[in-house]
Amino acid sequence: MSMYRLLQWVGIGCFLLLSVSLFGQASRSLTGTVLDENGQSIPGATVRVGELGVVTDLDGKFILSGLPTGTVKVMISVVGYETQELQVTWNGASVAPLHVTLKESTTVLENVVIRGKSEASLLREQAYAVEVIEAKQFNNLSTDVNEMLGRIAGVNVRQSGGLGSGFTLSLNGLSGNRIRTFINGVPMDYFGSSLTLNNFPPNLLSAVEVYKGAVPIHLSSDALGGAINITTTDVPINYLDVAYSLGSFHTHRASLNGQWIDTKSHLTVRLKSFINHSDNNYPMEVFLLNRETGQLDETPTEVRRFHDAYTSRMAWLEAGFTDVKWADEFMLGAMYSDNANELQQNPFVTGLSVFPLGHVTTAEQKDIYTATYRKQDLGLQDLNVRGYAVWVNSTEHYTDTSAARYDWFGDFEPDVHPTTGELGRKSLFQLQRTNLLTNLHGEYSINALQGIAINLSTNVLALWGEDVYQPQNNTQYSTPNRVSKGTVGLSYTLKLLQGTWHNTLFTKGYGYTLEANNPDYQGNDPNAFSDQQGRVGLGFASTWKPNDRVQIKGSFERAYRFPESFELYGDGLAVIPNPTLLPEQSENYNLGLRYTQPDRWQA
11 MSMYRLLQWV GIGCFLLLSV SLFGQASRSL TGTVLDENGQ SIPGATVRVG
61 ELGVVTDLDG KFILSGLPTG TVKVMISVVG YETQELQVTW NGASVAPLHV
111 TLKESTTVLE NVVIRGKSEA SLLREQAYAV EVIEAKQFNN LSTDVNEMLG
161 RIAGVNVRQS GGLGSGFTLS LNGLSGNRIR TFINGVPMDY FGSSLTLNNF
211 PPNLLSAVEV YKGAVPIHLS SDALGGAINI TTTDVPINYL DVAYSLGSFH
261 THRASLNGQW IDTKSHLTVR LKSFINHSDN NYPMEVFLLN RETGQLDETP
311 TEVRRFHDAY TSRMAWLEAG FTDVKWADEF MLGAMYSDNA NELQQNPFVT
361 GLSVFPLGHV TTAEQKDIYT ATYRKQDLGL QDLNVRGYAV WVNSTEHYTD
411 TSAARYDWFG DFEPDVHPTT GELGRKSLFQ LQRTNLLTNL HGEYSINALQ
461 GIAINLSTNV LALWGEDVYQ PQNNTQYSTP NRVSKGTVGL SYTLKLLQGT
511 WHNTLFTKGY GYTLEANNPD YQGNDPNAFS DQQGRVGLGF ASTWKPNDRV
561 QIKGSFERAY RFPESFELYG DGLAVIPNPT LLPEQSENYN LGLRYTQPDR
611 WQA
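Once you know that position 253 of the sequence shown is 263 in our numbering, the rest is easy, because the numbers rise by one and skip nothing.
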């Protein structure tokens, strides 16, 4: 499908939706919002006019269509609040949206059964193709996010070894950097190897959201084929949670999480932390090299890995205020994370190495500072705003300075070449990296039928480094390489058929600029290089839910992914710089049917 034809169809769709919207506004429909005495929305309230009735949504909004002319009585009721009756008179034009405030009821009820939907259920009912895993079922289990993701259809996780080893995540056939991961909406790509999915214990998490194909604008990154967003525990209570597990091969996992809230000032302090360690000294079978013949043995021999230990740690402390007049949440945080990894085999080749490694290591340390803000009804009714700023300062180390040749029994012979390491030339490479990420998201409900949203995000990165043994790295990274990315997202949402048909149209604008140093492998000074790129993506998501059991979904997105820093600048080890790379493009289509048997199962 050509871009011109696609824009034609999107334009026609926008025209039809807006036409239907204007027609709906001209008809006799009653819209409004139901609130409590504190100004908080009340979901699940019943709004009835005669035999016609609807239930308010999660934001306390409702739309009631097909009303008769003249004066009608409107009844608003919900368990725990006093029923309110209003009179509305039609004068041949639409009535302004109602804002109803209900008072709490003092009536004591003995046996009350309250049925509601969890946040996970509400997310599953969105127009986007999204799956949600609630983390509570995995609490206090020796598992991680990767194992949780493996339970979702269309998600495949392949891990190459024990704790800390590399893994490949595939979502509907797309993998690697084409799938973006987030923690509370913040891109995790810039948090480094110490904060990857296979390091987070379930006790830190509330849920894992998996978006297949089209990605909503609030997840502000250049995701090409889907996104994974993990949300941390956020409950308004004081708690302390400690977990520890012990596994094979000296594997230890521990986490300490807590929260304290002062009931008077609403001062809130949170702590999230974990430590993971494993020796990974598990047995395996290899074909050993016969040093006399120079050939591999015909039969495998069982050996034990001896240089594959891994340790990762994280501590995240936040302090701020929650549920105050000027903010639903305002938090400032500081995080420290690190990891240390012994390499048993060459990470750049597949299969088992004939010569294992005995001294090569990688390590990483990160200092991260965060600020988050969230507020509903900021200055205006139904204007919701949230945002964050994150500063990341990281140091990565790669050490290969041992002139030794090991075998699988841990014995070694010294190498006679003084410049040779275990993987090639000796290397003592240190890479410095800084990131500043910002995001601002705003949503405004025009009425119970329509809403708009805007999302602005920036990412400014700089990296530089040096290598005592390899001078080309010193020239390439002697001055900072820089890249700046920006994303702007806009969306329009329209509800039709008394709120059973939800439609969202969105567009995303991407742009980046880079300044790079291209190394000259002939020993000359590096060549300066700069570039700018921009793209515009678009899409839609639609869902129709005729009843409580059946839901039909469809979505489309034309998406782009810009090159990562290591693709543009190399990694100083095995990836050669290529700052002329262009963005990738994809077109994602989704069509789904969801059936739920109440209180039993869903498919």
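Note that beta-carbon positions come from the ideal geometry of N, C-alpha and C, so glycine has one too.
(request) Assign S258 to one of two classes, buried (16 or more other C-beta atoms within 10 Å of its C-beta) or exposed (fewer than that). (result) exposed
(request) Assign S37 to buried or exposed, taking buried as 16 or more other Cβ atoms, counted over all protein chains shown, within 10 Å of its Cβ. (result) Note that S37 scores 45 on pLDDT, short of 50, meaning its location in the model is unreliable and no value can be drawn from it.
(request) Please report how far the alpha carbon of G368 lies from the alpha carbon of V155, in whole angstroms. (result) 30 angstroms
(message) Please classify P556 as buried or exposed, where buried requires at least 16 neighbouring CB atoms within 10 angstroms.
(response) exposed
(message) Give me the DSSP bridge partner(s) of N465.
(response) H451, G499
(request) May I have the straight-line CA-CA distance separating S216 from G330, to the nearest angstrom? (result) 20 angstroms
(request) Report the three-state DSSP secondary structure of R188 (helix, strand or coil). (result) helix
(request) Report all residues from its chain with a CB closer than 6 angstroms to the CB of M341; omit the five preceding and five following residues, and keep chain order. (result) E328, G330, T382
(request) Locate the alpha helix (DSSP H) running through Y579, then write down its first and last residues. (result) 575-579
(message) How far does the alpha helix (DSSP H) with S131 in it extend, from its first residue to its last?
(response) 129-134
(request) Flag this pair as yes or no: are the beta carbons of T81 and Q97 separated by less than 8 angstroms? (result) yes
(message) If you reduce the DSSP assignment to three classes, tell me which class Q354 lands in.
(response) coil
(request) Please name the residue, chosen from P107, G60, Q136, that lies closest to W511 on a Cα-to-Cα basis. (result) Q136
(message) Do S363 and Y320 have their beta-carbon atoms positioned less than 8 angstroms apart in this structure?
(response) no
(request) Pick helix, strand or coil for E302, following the three-state DSSP scheme. (result) coil
(request) State the DSSP-derived secondary structure class of N394, mapped to helix, strand or coil. (result) strand
(message) Can you tell me whether Y292 is helix, strand or coil according to DSSP?
(response) coil
(request) Kindly identify the DSSP beta-bridge partner or partners of H407. (result) A373, Q440
(request) Report buried or exposed for L601, applying the criterion of at least 16 other Cβ atoms within 10 angstroms of its Cβ. (result) exposed
(message) Considering Cα atoms alone, identify which of S494, L133, G268, Q94 is closest to V59.
(response) Q94
(message) By alpha-carbon positions, which one of P211, T514, R571 ends up nearest to A237?
(response) R571
(request) Taking all protein chains shown into account, decide if Y522 is buried (16 or more other Cβ within 10 angstroms of its Cβ) or exposed. (result) buried
(request) Can you have a look at L603 and say buried or exposed, based on whether 16 or more other CB atoms are within 10 angstroms of its CB? (result) exposed
(request) For the alpha helix (DSSP H) containing E157, list its first residue and its last residue. (result) 155-159
(message) Assuming contact is defined by CB atoms lying nearer than 8 angstroms, are G547 and T517 in contact in what I supplied?
(response) yes
(request) Please look up how many angstroms separate the CB atoms of D232 and Y520, rounded, as I've assumed it's under 8 angstroms. (result) 6 angstroms
(request) Whole angstroms is fine: what's the gap from A414's alpha carbon to E432's? (result) 6 angstroms
(message) I'd like to know if the segment 458-475 and the segment 488-500 are in contact, where contact means that at least 3 CB-CB pairs between them fall below 8 angstroms.
(response) yes
(request) For V334, I'd like the list of residues in its chain whose CB is within less than 6 angstroms of its CB, leaving aside the five on either flank, ordered along the chain. (result) H276
(request) Leaving aside the five residues before and after H407 along the sequence, list all residues of the same chain whose C-beta is less than 6 angstroms from its C-beta, in chain order. (result) A373, Q440
(request) Determine the closest residue to F358 out of N588, L583, K385, N351, with distance taken between C-alpha atoms. (result) L583
(request) Tell me T517's beta-bridge partners as DSSP assigns them. (result) L500, L548
(request) Below 6 angstroms CB to CB, which residues in the same chain sit around Y599 once its five sequence neighbours on both sides are set aside? (result) F566
(request) Could you give the DSSP three-state label for Y522: helix, strand or coil? (result) strand
(request) Give every residue of the same chain whose Cβ lies closer than 7 angstroms to the Cβ of L184, excluding the five residues on either side of it in the sequence, and list them in chain order. (result) L234, G235, G236
(request) Figure out for me which residue from T332, F297, L450 has the closest Cα to the Cα of R396. (result) L450
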